[in-house]
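In the working numbering, the protein residues as written are 1084 to 1337.
Beta carbons are placed, not taken as given, at the ideal position from N, Cα and C, and that holds for glycine.
Read the structure below first, then the notes.
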């Protein structure tokens, strides 16, 4: 087994950590790193390759073609079809004027409740029981596959940033060398999906793309619960990350 990688090199104190979770998965991982916010927590990643001499069909509404090319080799991805620009029957209306991050949510609960009155809300797990009565049970990180909101007007509230370790471990799996890169989040002008917007992200374009993929994927999965592509409904999105399927990406509800 190859020696796993950490952002700060090998840490001798790592072996004294009380590990109570999947020790087998960790020992067989390809890369690991300490949590940048909580040094007692370890994140790890196991890179899995496509099976040899077999055709694999990948069907997803939120696939990132470039990420798959980097992970599995462009020569192994034969064709990809995108349906994202098909005309929708419903509408997706977005307010991008606030970040709606986890840290900013407490100060905006009352305003959110006011403008989303009567709507079921997909948001962070912590705020599901606060914004929904009863709790919806569908939240960022648990959005895929649900069909019980089909045809309903709903709201999606929040910008679902992942733990920075998720982006960095993914970068290592893609073969990106991180040791000489600035891994701090700063305000950057991002150009994506035909939009230009300011966003807290990495300086490196490759790391930006990874971060945007994870955020965009989670938001698109949340929006997709209403099935606005085929249903006459409206999804209201509150996030400073502009979605490519948005009809009005800068509507201000304030």
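Restricting to Cα atoms, I'd like to know which of 1227, 1191, 1225 and 1117 is closest to residue 1214.
Reading the chain shown from its first residue, position 131 is the one you call residue 1214. Nearest of 1227, 1191, 1225 and 1117 to residue 1214, Cα basis: 1191.
| message | Does residue 1111 pass the burial test, meaning 16 or more other C-beta atoms within 10 Å, or should it be called exposed? | response | Locating residue 1111 in the chain shown gives position 28, where the first residue counts as 1. Counting Cβ neighbours within 10 Å, residue 1111 comes out exposed, since fewer than 16 surround it.
Which whole-angstrom value is the C-beta distance of residue 1242 and residue 1184, which I expect to be below 8 angstroms?
Looking up residue 1242 in the chain shown gives position 159. Looking up residue 1184 in the chain shown gives position 101. The distance from the Cβ of residue 1242 to that of residue 1184 is about 5 angstroms, consistent with a contact at the 8 angstroms cut-off.
_Let me check one thing: in DSSP terms, what residues is residue 1275 bridge-paired to?_
Within the chain shown, numbered from 1, the residue matching residue 1275 stands at position 192. The partner list for residue 1275 (beta bridge, DSSP) reads 1278.
Measure the C-alpha to C-alpha separation of residue 1133 and residue 1150 and round it to an integer number of angstroms. For the purposes of this step, residue 1133 is identified with residue 50 of the chain shown, where counting begins at 1. For the purposes of this step, residue 1150 is identified with residue 67 of the chain shown, where counting begins at 1. Each residue's alpha carbon lies about 14 angstroms from the other.
Could you check if residue 1269 is buried or exposed, using at least 16 other CB atoms within 10 Å of its CB as the buried criterion? Translated into the one-based positions of the chain shown, residue 1269 becomes position 186. Answer is exposed; the Cβ neighbour count stays below 16.
Query raised in the report: For residue 1259, which residues of its own chain have a beta-carbon under 7 angstroms away from its beta-carbon, when the five flanking residues on both sides are left out?
Result: Locating residue 1259 in the chain shown gives position 176, counting from the first residue. If the five residues before and after residue 1259 are omitted, its C-beta is found closer than 7 angstroms to the C-beta atoms of 1289, all from its own chain and listed in chain order.
Item to complete: Check whether the stretch 1246-1265 touches the stretch 1314-1330, counting contact only when three or more Cβ pairs, one atom from each stretch, lie closer than 8 angstroms.
Response: no
Notebook entry, point to check: In the stretch 1178-1247, which residue ranges form an unbroken alpha helix (DSSP H) of at least 4 residues, counting only runs that do not cross its ends?
Noted result: 1192-1198 and 1211-1214
Determine the burial state of residue 1231: buried for a count of at least 16 other Cβ atoms within 10 Å of its Cβ, exposed for fewer. To locate residue 1231, count along the chain shown from 1; it is residue 148. Counting the other Cβ atoms within 10 Å of the Cβ of residue 1231 gives fewer than 16, which makes it exposed.
For residue 1264, tell me which candidate among 1256, 1282 and 1287 has the shortest Cα-Cα distance. Counted from its first residue, the chain shown places residue 1264 at position 181. Closest option to residue 1264, Cα to Cα, is 1287.
### Best match in 1266, 1262 and 1295 for proximity to residue 1278 [C-alpha to C-alpha]
Position 195 of the chain shown, counting from 1, holds the residue named residue 1278. Checking every option, the nearest Cα to that of residue 1278 belongs to 1295.
Mind checking whether the beta-carbon of residue 1296 lies closer than 7 angstroms to any heavy atom of the ligand NAP? Here there are no bound small molecules, and the ligand NAP is not part of this structure.
Who are residue 1321's beta bridge partners in DSSP? Locating residue 1321 in the chain shown gives position 238, counting from the first residue. Answer by DSSP bridge pairing, in chain order: 1178 and 1240.
Q) Near residue 1204, which residues of its chain fall below 6 angstroms by C-beta distance, leaving aside the five closest residues on each side in sequence? A) Locating residue 1204 in the chain shown gives position 121, counting from the first residue. Cβ within range, chain order: 1214, 1215, 1238 and 1240.
request  = Measure the Cβ-Cβ separation of residue 1316 and residue 1309 and say whether it is below 8 angstroms.
outcome  = Numbered from 1 along the chain shown, position 233 holds the residue referred to as residue 1316. Numbered from 1 along the chain shown, position 226 holds the residue referred to as residue 1309. Closer than 8 angstroms, so yes.
Residue from 1169, 1210 and 1224 with nearest C-alpha to residue 1193
Position 110 of the chain shown, counting from 1, holds the residue named residue 1193. Per the Cα distances, 1210.
For this session: Report back the beta-carbon spacing between residue 1108 and residue 1129 to the nearest angstrom; my notes put them in contact at under 8 angstroms.
Result: The residue you call residue 1108 lines up with position 25 of the chain shown. The residue you call residue 1129 lines up with position 46 of the chain shown. Between residue 1129 and residue 1108 the Cβ distance is about 7 angstroms, and since that is below 8 angstroms, they are a contact.
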